[in-house]
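**Student:**
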Amino acid sequence: MATLLKIENLKTQFFTSAGTVKAVDGITYSVEEGETVAIVGESGCGKSVSALSILRLIPWPPGKIVEGSIHFDGKDLLSLDEEAMRNLRGKDISMVFQEPMTSLNPVLTIREQLTETLITHFPISEEEASKKALKLLEMVGISDPDRRLEQYPHHLSGGMRQRVMIAMALSCEPKLIIADEPTTALDVTIQAQILELMKDLTKRLGASLIIITHNLGVVARYADRVNVMYAGKIIETGTALDIYHNPSHPYTLALLKSVPRMDLPRQDKLDPIEGQPPDLTRLDDGCSFRPRCRFAQDGCAHSFPDLEAVSEGHFVACFEKDNLKEQEKVAS
Amino acid sequence: MYKYIVKRILLMFPTLIGAAMLVFFLLRLIPGDVCELRLAGTGLYADPAEIELCRTNLGLNDHIMVQFADFVLGFFILDLGESMWTGKAITFEIGLRFQLSLQVAFMATFVAVIISIPLGVISAVKQDTWIDYVVRTFSIFGIAIPSFWLGIMIILGLLISTQALLGEPWMPPIWYVSPFEDLGANMAQLIWPAVATGYRYSAVATRMTRSALLEVLREDYIRTARAKGLLEKIVINRHALKNSLLPVVTIIGIEFAFLMGGLVVTEQVFNLNGLGKLFVESVLNNDYSMTQALVMIVVTVFVITNFVVDLFYAWLDPRIRYS
């Protein structure tokens, strides 16, 4: 498999009156062709900003990509001009957003919103685009697509709107789809349907998928690789199996313990992560998870640990990674 | 949609009746009446019997509810009666001026719309750049400068510049010509008051367009549109503008209705015989019938304008259309 997307040392910062927010602070990862990569972390850890950075949709002011490189399909995205970037957006890289309720324009019909992407990127007539739009709606499992095309977003349920968003994202057969919390705003029963649909369709198109989520269940089921983010940095990366069966960063460990699991004996209570995520305007040199970490040592305050391999393809940024298992046993 | 329109039309009637009651009874609370003013207003001696006779002739001695019924009925059958002051038919007096006021209001609205929407959009898109500052300063001036002063400056400016350029001063014509008779002469007269009032009007609308558009540009669906790779021009015109026009349309509607009766001083400056001037005269003369008729006309214009604004809402926003 060839590498489709390669992000190196990406730093995106927001210059606000309260100080510089280091939303994404030097992340490096890559996505292979046809691969599904999950980015996991709690709210405000920079997941969405890292995704918007790929499309260069960070609003300036106040946000800006200050360092790093993004290579996609042989192109250096950060050095492309605006026009070339625009030709990429929606065509080669498309995005499915979190809020299907507000991410569709309330005053335009589904047809208008579906066909405009096609008309922008391909030399096709309105009529052909409408035909394609109809097929797309069928493909994402919307019944009565003829009628739906002429309707407005407020006629559709949340799940249907997200299906429309997916149809929009797939319309130009992109090489990479970025789904930013695609199911967070939906009912649990709908969530599974939407995820299955995305998995199925990306596989059919041979597209790569980046799923941004805070839902570890999603990760377990759909992701090939997982990047765990904390305070703007990737602190653990590995296959879904690595992350589930051999979590090696205290944050990943805590994250897994804070959600109910069907594959383990029933616990009495869930174990939440104490404390608050750090203020991204005042990060020091040390490990940002230190104040909430049960394994923190004095050394953790001096520098941020590098990502180091614990097994093949499984990297962790923690000084105490080797002691984690023993200490965990002692603690429990 | 059909239900929406019918509902809006039915809602007009309570508003009109409420306004009729207010103007009718409030006017009669003012001390003195038109007969006293006409016969004794100059301080001369007037025979009380004569005043009484005048009142009887004008129907002011009838029971107040009879007078009210007369007025309301007259309004619905479009027979507004005679002016209590001049004795001329009110429909004739108003007819003379209505066309002029309506034309000025339409022209000022046109001026305001073609100025405010492009400026508001540019200002929002170029937020916090020098272009934005220039537009905002321009619109602050528009709000701060009274229309009549701008009117005087326009007339002076025309006189001075034509004197300098053509050798003799030129002034807009002072007699009203119907646009159906001589469009050129009509425009030559009315374009100036339309610009003077349209400028202030545009200033309010520019600020509204700017702030509404800025708000919409932060919406999620704008980000979606950009993520589709659309041209920024299309993102603004197609996705943002339509969503941000609702408050702008409201402001334009209110200002338009206001122009129909509220241009008292500007009419004076440009020597226009419009509704505003007639309004002030009729109030000063305690001319009940004329004042009532004028208020009802302005209220009707307001109500119809609001109806049109509601139709615009429905056109702009499908959520209203389909509710």
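The listed protein sequences derive, respectively, from chains A and B.
Quick note: the first sequence uses the numbering used here, first residue 6, plus one each step.
Quick note: the second sequence uses the numbering used here, first residue 2, plus one each step.
Cβ atoms here follow ideal geometry from the backbone N, Cα and C, with glycine treated the same way.
Does the stretch 134 to 148 of chain A come within contact of the stretch 52 to 61 of chain A, defined as at least 3 CB pairs closer than 8 angstroms?
**Tutor:** They do not touch, by the three-pair rule.
**Student:** What number of angstroms, rounded off, separates the C-alpha of A/Q302 from the C-alpha of A/Y256?
**Tutor:** Counted from its first residue, the first sequence places residue 302 of chain A at position 297. Counted from its first residue, the first sequence places residue 256 of chain A at position 251. Cα to Cα, the separation comes out at about 15 angstroms.
**Student:** For A/S74 and A/V29, I'd like the C-alpha separation in whole angstroms.
**Tutor:** One-based indexing of the first sequence puts residue 74 of chain A at position 69. One-based indexing of the first sequence puts residue 29 of chain A at position 24. Rounded to the nearest angstrom, the two C-alpha atoms are 13 angstroms apart.
**Student:** So, with DSSP's three-state summary, where would you put B/V332?
**Tutor:** The requested residue 332 of chain B is not part of the displayed model; chain B covers only 2 to 324.
**Student:** Have a look at the DSSP bridge pairing and note the partners of A/A184.
**Tutor:** Translated into positions along the first sequence, residue 184 of chain A becomes position 179. Paired residues: A/V101, A/I216.
**Student:** Report yes or no: do the stretch 216 to 224 of chain B and the stretch 76 to 87 of chain A share at least 3 C-beta pairs separated by less than 8 angstroms?
**Tutor:** Counting Cβ pairs under 8 angstroms, fewer than three are found: no touch.
**Student:** Can you tell me whether B/A1 is helix, strand or coil according to DSSP?
**Tutor:** Shown here, chain B extends from 2 to 324; a query on residue 1 of chain B therefore has no answer.
**Student:** Suppose you measure from the CA of A/T107 to the CA of A/R295; what does that come to, to the nearest Å?
**Tutor:** Your numbering for residue 107 of chain A matches position 102 in the first sequence. Your numbering for residue 295 of chain A matches position 290 in the first sequence. Their Cα atoms are separated by approximately 37 angstroms.
**Student:** Leaving out five residues on either side along the sequence, give the residues of the same chain with a beta carbon under 7 angstroms from the beta carbon of B/R98.
**Tutor:** Counting from 1 along the second sequence, the entry for residue 98 of chain B is found at position 97. Correct list, in chain order: N274, G275, L276, L279.
**Student:** Using the rule of at least 16 other Cβ atoms within 10 Å of the residue's Cβ for burial, across every protein chain shown, is A/S176 buried or exposed?
**Tutor:** Indexing the first sequence from 1 puts residue 176 of chain A at position 171. A/S176 should be labelled buried.
**Student:** Report yes if the C-beta distance between A/L312 and A/G237 is below 8 angstroms; otherwise report no.
**Tutor:** Mapped onto the first sequence, residue 312 of chain A falls at position 307. Mapped onto the first sequence, residue 237 of chain A falls at position 232. Contact flag unset, no.
**Student:** Would A/I41 be called buried (16 or more neighbouring beta carbons within 10 Å of its own) or exposed?
**Tutor:** Position 36 of the first sequence, counted from the start, is the residue given in the question as residue 41 of chain A. The sequence shown places Thr at residue 41 of chain A, not Ile. The residue is buried, with at least 16 neighbouring Cβ atoms inside 10 Å.
**Student:** CB A/H219 to CB A/G46, shorter than 8 angstroms?
**Tutor:** Walking along the first sequence from the start, residue 219 of chain A turns up at place 214. Walking along the first sequence from the start, residue 46 of chain A turns up at place 41. Yes; because the gap between Cβ atoms is below 8 angstroms, this pair is in contact.
**Student:** Would B/I91 and B/G82 qualify as a contact pair, given that the criterion is a beta-carbon distance under 8 angstroms?
**Tutor:** For the purposes of this step, residue 91 of chain B is identified with residue 90 of the second sequence, where counting begins at 1. For the purposes of this step, residue 82 of chain B is identified with residue 81 of the second sequence, where counting begins at 1. Closer than 8 angstroms, so yes.
**Student:** List the DSSP bridge partners of A/I70.
**Tutor:** If you number the first sequence from 1, residue 70 of chain A lands on position 65. In the DSSP output, where bridge partners are listed per residue, A/I70 has A/T17.
**Student:** Would the beta-carbon of B/T198 fall within 8 angstroms of that of B/L247?
**Tutor:** Here the question's residue 198 of chain B lines up with position 197 in the second sequence. Here the question's residue 247 of chain B lines up with position 246 in the second sequence. Cβ atoms of B/T198 and B/L247: not closer than 8 angstroms.
**Student:** Provide the residue span of the alpha helix (DSSP H) that contains B/F76, from first to last.
**Tutor:** Here the question's residue 76 of chain B lines up with position 75 in the second sequence. Where B/F76 is concerned, the enclosing alpha helix (DSSP H) stretches over 65 to 77.
**Student:** Can you tell me whether B/I132 is helix, strand or coil according to DSSP?
**Tutor:** As a first step, residue 132 of chain B must be located in the second sequence, where it is residue number 131. Here B/I132 sits in helix by DSSP.
**Student:** Grab the span of the beta strand (DSSP E) containing A/H319 for me, first residue to last.
**Tutor:** In the first sequence, counting from the first residue as 1, residue 319 of chain A sits at position 314. Run containing A/H319: 319 to 321, per the beta strand (DSSP E) assignment.
**Student:** May I ask you to report which of helix, strand or coil DSSP gives A/M165?
**Tutor:** The sequence position of residue 165 of chain A within the first sequence is 160, counting from 1. Helix, per DSSP.
**Student:** Can you name the residues that DSSP bridges to A/F77?
**Tutor:** Counted from its first residue, the first sequence places residue 77 of chain A at position 72. The partner list for A/F77 (beta bridge, DSSP) reads A/L10, A/K80.
**Student:** Please tell me whether A/V169 has its Cβ less than 8 angstroms away from any Cβ of chain B.
**Tutor:** What you label residue 169 of chain A is simply residue 164 of the first sequence in a count that begins at 1. No, A/V169 lies away from the interface with chain B (no Cβ there is under 8 angstroms from its Cβ).
**Student:** Which residues in chain A have a C-beta closer than 7 angstroms to the C-beta of B/L231? List them in chain order.
**Tutor:** Residue 231 of chain B sits at position 230 when you count from the first residue of the second sequence. The answer, in chain order, is E121, T125.
**Student:** Give me the residue from A/I63, A/N110, A/P128, A/L10 with the minimum Cα distance to A/D81.
**Tutor:** Residue numbering aside, residue 81 of chain A sits at position 76 when the first sequence is read from its first letter. Per the Cα distances, A/L10.
**Student:** Starting from B/L317, find everything on chain A with Cβ-Cβ shorter than 9 angstroms and list it in chain order.
**Tutor:** Residue numbering aside, residue 317 of chain B sits at position 316 when the second sequence is read from its first letter. Those within 9 angstroms of B/L317 in chain A are V112.
**Student:** Judging by CA-CA distance, which residue of B/L38, B/M297, B/F271 is the nearest neighbour of B/F149?
**Tutor:** Translated into positions along the second sequence, residue 149 of chain B becomes position 148. Checking every option, the nearest Cα to that of B/F149 belongs to B/F271.
**Student:** My assumption, with CB atoms under 8 angstroms, is that A/M165 sits in contact with A/T122. Please give the rounded CB distance.
**Tutor:** The count along the first sequence starts at 1 and reaches residue 165 of chain A at position 160. The count along the first sequence starts at 1 and reaches residue 122 of chain A at position 117. Not really, about 18 angstroms apart at Cβ, beyond 8 angstroms.
**Student:** Using a C-beta to C-beta distance shorter than 7 angstroms, which residues of chain D count as neighbours of B/E220?
**Tutor:** Absent from the structure is chain D; the protein chains it does hold are A and B.
**Student:** Can you list the residues of chain B that A/K180 reaches, using a CB-CB cut of under 8 angstroms?
**Tutor:** The count along the first sequence starts at 1 and reaches residue 180 of chain A at position 175. Neighbours of A/K180 on chain B: none; closest Cβ ~14 angstroms, over 8 angstroms.
**Student:** Going by DSSP in three states, A/A228 sits in which element: helix, strand or coil?
**Tutor:** By one-based count along the first sequence, residue 228 of chain A stands at place 223. A/A228: coil per DSSP, three-state reduction.
**Student:** Determine the burial state of A/P283: buried for a count of at least 16 other Cβ atoms within 10 Å of its Cβ, exposed for fewer.
**Tutor:** The residue you call residue 283 of chain A lines up with position 278 of the first sequence. Buried.
**Student:** So A/M203 and A/P105 are in contact, right, with Cβ under 8 angstroms, and what is the actual spacing, rounded?
**Tutor:** Residue 203 of chain A sits at position 198 when you count from the first residue of the first sequence. Residue 105 of chain A sits at position 100 when you count from the first residue of the first sequence. In fact, because the Cβ distance is near 13 angstroms, the residues do not count as touching under 8 angstroms.
**Student:** Let me know the secondary structure DSSP gives A/V145 once reduced to three states.
**Tutor:** For this step, residue 145 of chain A is matched to residue 140 along the first sequence. Here A/V145 sits in coil by DSSP.
**Student:** Please report how far the alpha carbon of B/I252 lies from the alpha carbon of B/G262, in whole angstroms.
**Tutor:** On the second sequence, position 251 is the one that residue 252 of chain B refers to. On the second sequence, position 261 is the one that residue 262 of chain B refers to. Rounded to the nearest angstrom, the two C-alpha atoms are 17 angstroms apart.
**Student:** Just to confirm my understanding: we take B/A109, look at its own chain, exclude 5 residues before and 5 after, and list those with CB closer than 7 angstroms. What are they?
**Tutor:** Here residue 109 of chain B is taken as the residue at index 108 of the second sequence, counted from 1. Excluding sequence neighbours, B/A109 sits near A195, T198, G199, Y202, L260.
**Student:** List the endpoints of the continuous beta strand (DSSP E) containing A/A314.
**Tutor:** Position 309 of the first sequence, counted from the first residue, corresponds to residue 314 of chain A. 313 to 316 is the span of the beta strand (DSSP E), which, as asked, contains A/A314.
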